[in-house]
Amino acid sequence: MYNITAVSFGEIFLKGKNRGSFEQKLIEQIKYALKKFNNVSVYKDSGKVYVETKNEDDMDEIVENVRKVFGISNLSPSIKTTKDPDTIIEKTKELFKYLLTKENIKTFKIKTKRSDKEFPIKSMDFSALVGGKILEEFSTVTVDVHNPDVEIYIDIKKSCYISSERIKALGGLPIGSSGRALLLLSGGIDSPVAGYMIAKRGVEINALYFHTYPFTSERANEKVKKLKEKLEEYCGKITLYSINILEIHKAIKEFCREEETTILARRFMMRIAEKIAYENNMYMLITGESLGQVASQTMKSMAVIEDAIKMPILKPLVGLDKTEIIEIAREIGTYDTSILPYDDCCSVFAPKHPLIRPKLESIIRSESNLNIEELVEKVYSTMEIL
Amino acid sequence: MIVYLDNSATTKVRDEVLKDIIDINENYYGNPSSLHRMGLMAEKKIDEARKSAAKLINAKAQEIYFTGGGTESNNIAIFGHITNSDKHNNIITTKIEHPSVYNVFKQLEDKFSVRYLDTDESGKINTSMLNDMVDENTLLVSIMHVNNEIGIVQDLNEIKDIIKGKNKNTKLHIDAIQSYGKIKIDVNKLSIDTLSFSSHKIHGPKGIGGLFIRSGLRINPLTYGGGQERGMRSGTENTPGIIGFGKACELIYDNFEEETERLYSLKNQYIKRLTEEIEDIKINCPIDGGAPHIINVSFKDVPGEVLLHSLEGKDIYVSTGSACSSKSRDNRVLNAVKLSREYQTGTIRISLGHFNNFEEVEYVIENIKHSVKDIRSITKRG
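From first to last, the protein sequence lines stand for chains A and B. Those letters in the first sequence? Residues 1 to 386, per the working numbering, in order. Those letters in the second sequence? Residues 1 to 382, per the working numbering, in order.
Written as structure tokens, this is what we have:
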């Protein structure tokens, strides 16, 4: 039915002078989200972006993909026609007939907006004219201008767009409009959600994954890759860095107390993440920590971990319950991959009784047994881009 | 050097087999059911393969039915034997069966009385228990010849005598997927009713297997259709698979004793060096008399998965018995042979095949030694 979809922006309107560049980013991202489709064009027509396809059968999937682009408030699948009044009337009838097959419609309303003042009929008059033709053709419906079952919207610009459905999109800001950050991505449920939430606010994200091969399996890598690909549906292209931190775990095991393992290892991860972020022009880190979820996510543990670096760490899930996180994970489609059994960390390195109230001084004392810079460099050299 | 030591999972296709598969695809692609000459040529090729497959177990060619693989063969045999669904009737299997038998029996628990045989610590089934279990209502006993994980070989002769002694109407199904082509089997001497085998465990292609059904025995098929394989397995024959399988059988037949001997001495060498050179290990496969190709060994304080990945880093491919992740369940077979938890998690299986040789042993043992030492330095604290 539909050969085009109108895209309405969300908060971009608030951004004053930046609007132009935001819109441009958004158009790029819409194009990226639709790269697998042939015969699709994306263009602007007075204030709105339009996605047009020559293949109407693709439209459902196009809408589904564009809906995942941040910065869009809603989408209206539409019929694009010439501005010939008779054609508009014909196409409106076609649309109405189609809508009748989908839902039970008793009342309707036609609304016309005429941005192109050269169009010969005034908006109100044209709505009345089209409404009359609908009443002639379909005897079961009546007009109700206050509370109609369906509203048909005729938007006359450079072309004419006829629509009735309005699909809510995700909102947020276009990716890249708020800078770049590095997500610490594990194979779990939380970190992909954290990445999603920050990306939604317009942040271009890349991801870093730590493993301990051969103490973890290559299948764990594949799992993280899948999560990355899922996130890319929303976040655009993500570079996934992978680092083997086995040497750090070995050193901790040899020189430090078992119960400190997790805190020490996390501090190393932050140092490595900060280094990669600096080198690649990213300004903040993102983690999936949620307050009190595990030993390393207590207030004290988080404070001690954060102390290791200067770079700010964003923790968008900090106030969410696990069930709330799972709900988002299911919505964005990462949940089923996250619960696959391949762990990114072997239980060998998990202390039996991890600290929940670590003391910074004693952690720093333990770290004095380790050559921090050398270890960071050593594992940094294992970096791969997956 | 790539050392593939997971031949009980699957094997590399032999060159001669591959050549035949290509030849069939190029020259004999007709449907064996077609009336024309192309069809006839394919049919004749299948008949030859059937003879080759039969020869390995001293069966008649017409007693061999080609299937989609070992799992399918086991399913056809088990479901085929027990049409008479009744809670008074019982069926018997062991606790160490492959899932393609074990899970079928589990599935049948609400239709029959299902009995599971214990084994001793070597994996041998408890024959006095078998003697007690078989009664006048026993429809079927299904037993695996060689266990895929620990390589124990069951004494089929003794088992057959016990079963037929108690109830001569009880049917005996043997899962020979791990023993076919590795250990001599004579279906006539053993009065086996059905016996399943698979191609990809003996360097043939995947997706093809076979079921021996004793002449005169009626088995109901699982699927219905064009009636191929004399009604036992409808669906157009997998001609390239069958021909490749036949070739793999011939290659084994021509060289059976020498190859088995070679595998036994290879296995012994691995076991000898493992036992002599690494501490705190446990050999879980029989040292004498087990299957020639399966070595199962446990290392204390070494998660099997970690050792597997560590060896994979050196292009050595083995398998594990048990996952280190706390989420996964215990290994059913290792539990049945009462292997303690501390050894269970550290279990790997080394399974040999035609392409393995003595030159590899040094490389493999050195790498196992090195990896085990490395891993233990991490897992053993203090």
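Backbone N, C-alpha and C define an ideal beta-carbon position, used for all residues, glycine too.
Applying the criterion that 16 or more other CB atoms from any shown protein chain within 10 Å of the CB defines a buried residue, is residue i buried or exposed?
{"i": "glutamate 342 (chain B)", "result": "exposed"}
{"i": "glutamine 107 (chain B)", "result": "exposed"}
{"i": "methionine 197 (chain A)", "result": "buried"}
{"i": "lysine 327 (chain B)", "result": "Note that lysine 327 (chain B) scores a pLDDT of 46, beneath 50, so its modelled location is shaky; the value from the coordinates is reported in the next line. The residue in question, lysine 327 (chain B), is exposed, as its Cβ has fewer than 16 Cβ neighbours within 10 Å."}
{"i": "glutamine 178 (chain B)", "result": "buried"}
{"i": "valine 17 (chain B)", "result": "buried"}
{"i": "glutamate 274 (chain A)", "result": "buried"}
{"i": "isoleucine 364 (chain A)", "result": "exposed"}
{"i": "proline 32 (chain B)", "result": "buried"}
{"i": "lysine 36 (chain A)", "result": "exposed"}
{"i": "histidine 36 (chain B)", "result": "exposed"}
{"i": "lysine 200 (chain A)", "result": "buried"}
{"i": "tyrosine 209 (chain A)", "result": "buried"}
{"i": "leucine 386 (chain A)", "result": "exposed"}
{"i": "methionine 269 (chain A)", "result": "buried"}
{"i": "phenylalanine 212 (chain B)", "result": "buried"}
{"i": "aspartate 190 (chain A)", "result": "buried"}
{"i": "phenylalanine 358 (chain B)", "result": "exposed"}
{"i": "serine 46 (chain A)", "result": "exposed"}
{"i": "serine 127 (chain A)", "result": "buried"}
{"i": "glycine 69 (chain B)", "result": "buried"}
Confirm, please, whether the CB-CB distance from residue j to residue i is below 8 Å.
{"i": "isoleucine 62 (chain A)", "j": "threonine 101 (chain A)", "result": "no"}
{"i": "lysine 166 (chain B)", "j": "aspartate 135 (chain B)", "result": "yes"}
{"i": "isoleucine 152 (chain B)", "j": "glycine 290 (chain B)", "result": "yes"}
{"i": "isoleucine 56 (chain B)", "j": "glycine 181 (chain B)", "result": "Before going on, a small fix: residue 56 (chain B) reads as leucine here, not isoleucine. Against a cut-off of 8 Å, the Cβ pair of glycine 181 (chain B) and leucine 56 (chain B) comes out as a contact."}
{"i": "tyrosine 4 (chain B)", "j": "tyrosine 317 (chain B)", "result": "yes"}
{"i": "isoleucine 348 (chain B)", "j": "valine 297 (chain B)", "result": "yes"}
{"i": "proline 192 (chain A)", "j": "leucine 231 (chain A)", "result": "yes"}
{"i": "glycine 244 (chain B)", "j": "threonine 67 (chain B)", "result": "no"}
{"i": "methionine 133 (chain B)", "j": "isoleucine 192 (chain B)", "result": "no"}
{"i": "leucine 334 (chain B)", "j": "lysine 267 (chain B)", "result": "no"}
{"i": "leucine 75 (chain A)", "j": "valine 145 (chain A)", "result": "no"}
{"i": "proline 351 (chain A)", "j": "valine 304 (chain A)", "result": "no"}
{"i": "leucine 173 (chain A)", "j": "glycine 71 (chain A)", "result": "yes"}
Using the Cα positions of residue i and residue j, report the straight-line distance between them to the nearest angstrom.
{"i": "lysine 300 (chain B)", "j": "leucine 264 (chain A)", "result": "28 Å"}
{"i": "glycine 231 (chain B)", "j": "asparagine 27 (chain B)", "result": "27 Å"}
{"i": "lysine 380 (chain B)", "j": "valine 372 (chain B)", "result": "11 Å"}
{"i": "glutamate 237 (chain B)", "j": "serine 73 (chain B)", "result": "15 Å"}
{"i": "leucine 217 (chain B)", "j": "aspartate 20 (chain B)", "result": "33 Å"}
{"i": "threonine 140 (chain A)", "j": "asparagine 104 (chain A)", "result": "10 Å"}
{"i": "valine 376 (chain A)", "j": "leucine 370 (chain A)", "result": "11 Å"}
{"i": "glutamate 158 (chain B)", "j": "histidine 173 (chain B)", "result": "14 Å"}
{"i": "serine 123 (chain A)", "j": "isoleucine 152 (chain A)", "result": "13 Å"}
{"i": "alanine 308 (chain A)", "j": "serine 21 (chain A)", "result": "36 Å"}
{"i": "tyrosine 398 (chain A)", "j": "valine 13 (chain B)", "result": "In the structure as shown, chain A begins at 1 and stops at 386. Residue 398 (chain A) is therefore absent and cannot be evaluated."}
{"i": "asparagine 103 (chain B)", "j": "serine 142 (chain B)", "result": "12 Å"}
{"i": "glutamate 51 (chain A)", "j": "serine 41 (chain A)", "result": "Before going further, note that residue 51 (chain A) is valine rather than glutamate in the sequence given. For valine 51 (chain A) and serine 41 (chain A), the distance between alpha carbons rounds to 6 Å."}
{"i": "serine 100 (chain B)", "j": "isoleucine 375 (chain B)", "result": "34 Å"}
Who are the near neighbours of residue i in its chain, counting only those whose CB is closer than 6 Å to its CB and skipping five residues on each side?
{"i": "glutamine 269 (chain B)", "result": "Val361"}
{"i": "threonine 142 (chain A)", "result": "Thr107"}
{"i": "asparagine 89 (chain B)", "result": "Phe112, Asn137, Leu139"}
{"i": "glycine 131 (chain A)", "result": "Ile110, Val143"}
{"i": "aspartate 155 (chain A)", "result": "Lys113, Tyr161"}
{"i": "glutamate 374 (chain A)", "result": "none"}
{"i": "glycine 30 (chain B)", "result": "Met38, Gly39, Ala42"}
{"i": "alanine 61 (chain B)", "result": "Arg50, Lys51, Ala54"}
Only counting the same chain, and skipping five residues up and downstream in sequence, which positions put a Cβ closer than 7 Å to that of residue i?
{"i": "methionine 302 (chain A)", "result": "Glu289"}
{"i": "threonine 119 (chain B)", "result": "Thr94, Lys95, Ile96, Ile125, Asn126, Ala336, Val337"}
{"i": "proline 77 (chain A)", "result": "Tyr2, Thr5, Met59, Val63, Ser163, Glu165"}
{"i": "glutamate 43 (chain B)", "result": "Pro32"}
{"i": "glycine 123 (chain B)", "result": "Ile96, Asn147, Ile150, Ile152, Val337"}
{"i": "leucine 340 (chain A)", "result": "Lys223"}
{"i": "leucine 251 (chain B)", "result": "Arg14, Glu16"}
Take residue i and list the residues in its own chain whose beta-carbon comes closer than 8 Å to its own, dropping the five residues that flank it on each side.
{"i": "isoleucine 356 (chain A)", "result": "Ala295, Thr298, Lys300, Ser301"}
{"i": "isoleucine 365 (chain B)", "result": "Tyr270, Arg273, Leu274, Glu277"}
{"i": "phenylalanine 105 (chain B)", "result": "Ile78, Ile91, Thr93, Glu97, Val114, Tyr116, Ser142"}
Taking 8 Å as the threshold (beta carbon to beta carbon), is residue i in contact with chain D?
{"i": "serine 310 (chain B)", "result": "Among the protein chains of the structure shown, namely A and B, there is no chain D."}
Exercise for the section: Output the residue ranges of the alpha helix (DSSP H) runs that lie fully inside the region 151-235 of chain A and measure 4 residues or longer, sorted by chain position. Expected result: 190-200, 218-235
Exercise for the section: Output the residue ranges of the alpha helix (DSSP H) runs that lie fully inside the region 52-109 of chain B and measure 4 residues or longer, sorted by chain position. Expected result: 70-81, 99-107
Exercise for the section: Please go through the region 352-378 of chain A and give each complete alpha helix (DSSP H) segment of 4 or more residues, from N-terminal end onward. Expected result: 360-367
Handout entry: beta strand (DSSP E) runs wholly inside the region 104-192 of chain B, at least 3 long, in chain order
Key = 113-117, 138-144, 171-175
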